[in-house]
Amino acid sequence: MLGSAMAAEQIMFVSQGGAYQKAQTIAILDPSAKKLGITINQDSVPDAWPIMRSQVATGKPTWDVVDVATNFCLRGGEQGIVEKLDFSKIPNAAAMPAEYRSDYSVAYEFYSSVLGYNLKKFPDAASAPKSWADFWDVKKFPGRRSLRNHPLATLEAALMADGVAADKLYPLDVDRAFKKLEEIKPNITVWWTSGAQSAQLLNDGEVDMVMAWNGRISALAKEGAKVTYTYNQGILQSTSLCVLKGAPNLPTAIKFLNEAVDPVHQANLPLHIDYGPANPKAYDTKVISEARVKELPSAPENAKVQTLMSYAWWTSPAGEAAEKRWLQFMQK
Amino acid sequence: MSISTIDPSLRHQRREQALMTLLAAPAVLVIVALVVIPVGWLAAQSVYDNGFTLEHYRRIFTEEVYWRSFALTFRIALMVTLLTLLLGYPVAYAAAHAKRPWNVLILACVMLPFWTSVLVRAYAWLVLLQRTGVANQLLERFGLTTEPLAMVHNELGTVIATVHILLPFMVLPLYSTMQKIPRELMLAGASLGGGPLYSFRHIFLPLSLPGVVAGLTLVFVLTLGFYITPELLGGGRTVMISMVVSRNVELYAQWGAASAVGVVLLVCVLAIFAAVGRIIPLDKMLGQK
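Those protein sequence lines, which keep their order, are chains A and B. If you read the first sequence in our numbering, its first letter stands for residue 8, the second for the next number, and so on. If you read the second sequence in our numbering, its first letter stands for residue -4, the second for the next number, and so on.
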């Protein structure tokens, strides 16, 4: 009995690896482990969703907490793969806007799908593309373009390019979005599949304009590449934390969830990577410098000009149908 | 009948057979455990999802995207196979006929890239062939082009990189077959009045066919399953079957949806081999005698 009481609590935390997981280890995971006196084991998988499913299907998952794009948490909730959360045990999430959490997930960090471009091609800010309508306007803004080979955020951009107001996007008019995408398709040089690729395309001059994640473009800019982006009409997206159904260390996992959205830990994250905290209270901690705040996607001033992606819509039957339709669109 | 009454030579033969079976057993066990069981399990999954279902197959046979991908995959596989044969045959011929150290050098040129990761080579092609890449810069410097050519992020880039990656799989079986062809046969052909081309066509070429078929088979089958090269160099439009499989896992989150595609591909390949086998017997295809 003494042994079991002494045994340190632990969880298995799964994220997406790379610079991102390194940053969150320093900013959130290590401090949380220290504060709670638990051990956080880590794993990283770029595509966690199929594995989440098979882990739960075996009846003995080895993962506890997963950091994935929010739609997978919601879908997991729907399909009985993710635990329903008791928010009375996650008081730190109370300050977060309702759209940032669901019965199955709590937002963890924000990034944005933004319009990025090459400064050599568009040196003058006044005549650079500023909106998705500009991105679609191949006459006024000649140049090579790249979009993500995925419908999320791309359909939203297409609709905004077609004149749909940001607050009238959902439910997405899928037919209209694909019609608008057909229009730009001949002018898309590359449909990128990884964040690294999107940055490389812009850096190498393969394309002049790209829809990419803000952190990828700002990282390039920091290395001295002549590239920039605008938050205008950006699509604000989040990854969320969720807990696998039947997680081996459920109580510890919930304790960690609460700690992970602690304002101070959250405020630490943007000191190490260009992603924004999911807990708005992080901006009140004064941990993030004012200059830094201006660069972050979830900062109130930046969030204002962007659209918050509706993961609820994307996990609805209409959203899933739109996702399945993508392959068809690409193949035509 | 006790063992002692059996003819000793028969007993020897039996013992040898038993020994051979025993020697093959570990390999057979590994294949059963790592190939037969998982493939069988996947195939079973493709028709079972809380009960028997043909939904995954219905989708493949009714939705156009699957057909387009199958057609594209087989077209690319065919192109790559023919190109590797065209490039590989002379190389193998040269390697089989050159004297030391030239033959070693030729083989080293084939093998060295072979030991480099596929991912690295795919990226290398990207660097070479992209708009600001080495190839386009040279072309422009020599005034051959004014606009950069689109050599990657399309089907062309996929084919170029795949040919490069799979070339050793063509050269090696060709080389090993050609090496075994006795030189004296060509001399005999010449002494009977056959010119070099005539002798090549009537003696060397037919004798090298087992290697050709082995190379064709290897390259064709390997191309069918290629993933990284079309993903990196296809620009998103070159959607080969392997990519459809991975998209299916993502979209349906069911191994069944993906494995149904795999089963259809497997059946297609077996059908092709059955058809080819009618022209060239299988044992010849696998390089025996």
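Cβ atoms here follow ideal geometry from the backbone N, Cα and C, with glycine treated the same way.
Given Y177/A as reference, the closest of F20/A, N156/A, T292/A and S323/A once Cα atoms are compared: S323/A
Ordered list of alpha helix (DSSP H) runs contained in the stretch 169 to 202 of chain A, each at least 4 residues: Residue ranges of uninterrupted alpha helix (DSSP H) with 4 or more members, entirely inside the stretch 169 to 202 of chain A and ordered along the chain, are 181 to 191.
Anticipated Cβ contact below 8 Å, A310/A with Q240/A, distance rounded: Their Cβ separation, rounded to whole angstroms, is 13 Å, which puts A310/A and Q240/A out of contact at 8 Å.
Under 7 Å between C-beta atoms of N156/A and G231/B: yes
Residue-chain proximity (A255/B, chain A), Cβ-Cβ < 7 Å: no
CB-CB length for L248/A against V121/A, believed under 8 Å: The Cβ separation is near 24 Å, so there is no contact.
Buried/exposed call for E189/A, threshold 16 Cβ in 10 Å: With fewer than 16 neighbouring CB atoms inside 10 Å of its own CB, E189/A falls in the exposed class.
For Q17/A, the residue or residues it bridges with in DSSP: T46/A
Three-way DSSP call (helix, strand, coil) for G241/A in this model: Correct three-state label for G241/A: strand.
Within chain A, the residues that R273/B reaches when beta carbons sit closer than 7 Å: Here the premise fails: no neighbours, minimum Cβ distance about 33 Å.
Reduced DSSP secondary structure (H/G/I, E/B, other) of D340/A: One cannot answer for residue 340/A here, as it falls past the ends of chain A, which runs 8 to 339.
Beta-bridge pairing of C249/A - partner residues as DSSP gives them: DSSP lists V73/A as the bridge partner or partners of C249/A.
Span separating the alpha-carbon of H159/B from that of Q174/B: Straight-line Cα distance between these residues: approximately 23 Å.
Sequence-distant residues of the same chain with beta carbon closer than 6 Å to G326/A, five excluded per side: W320
Buried or exposed by the 16-neighbour rule on C-beta atoms within 10 Å, applied to K42/A: Label assigned to K42/A: exposed.
Which of helix, strand or coil DSSP assigns to P33/B: Here P33/B carries a helix assignment [DSSP, helix/strand/coil].
Reduced DSSP category for W220/A - H, G, I as helix; E, B as strand; rest coil: Of the three classes helix, strand and coil, the one that applies to W220/A here is strand, per DSSP.
Touching by the beta-carbon criterion (3+ pairs, under 8 Å), the stretch 71 to 89 of chain B and the stretch 153 to 173 of chain B: Yes: at least three Cβ pairs fall under 8 Å.
In DSSP terms, what V89/A is bridged to: L251/A
Helix, strand or coil at K284/B [DSSP, three-state]: Residue confidence for K284/B is low, a pLDDT of 45 falling below 50, so the modelled location carries little weight and cannot support an answer.
Buried or exposed by the 16-neighbour rule on C-beta atoms within 10 Å, applied to E116/A: buried
Test: N48/A CB closer than 7 Å to a CB of chain B: no
Partners in chain B for D211/A, counting only beta-carbon separations shorter than 9 Å: Listed along chain B are L121, V122, Q125, R126, T127 and G128, each with a C-beta nearer than 9 Å to that of D211/A.
Nearest-angstrom Cα separation, counted from E226/B out to S201/A: Cα to Cα, S201/A sits roughly 10 Å from E226/B.
Residues that E116/A bridges to, as DSSP identifies them: T246/A and P284/A
Cβ-based neighbour list, E150/B, same chain, cut-off 6 Å, excluding 5 preceding and 5 following: T233
Rounded Cβ spacing between I191/A and S153/A (contact assumed at less than 8 Å): Going by Cβ atoms, the distance from I191/A to S153/A rounds to 11 Å, so no, they are not a contact pair.
Residues of its chain near L102/B, where Cβ-Cβ distance is below 6 Å and the 5 sequence neighbours each way are ignored: A90
Contact list for T200/A against chain B, beta-carbon separation under 8 Å: E226 and G231
Short Cβ contact (7 Å threshold) for A228/A with V234/A: yes
Classification of S305/A by the beta-carbon crowding that lies within 10 angstroms, buried from 16 upward: buried
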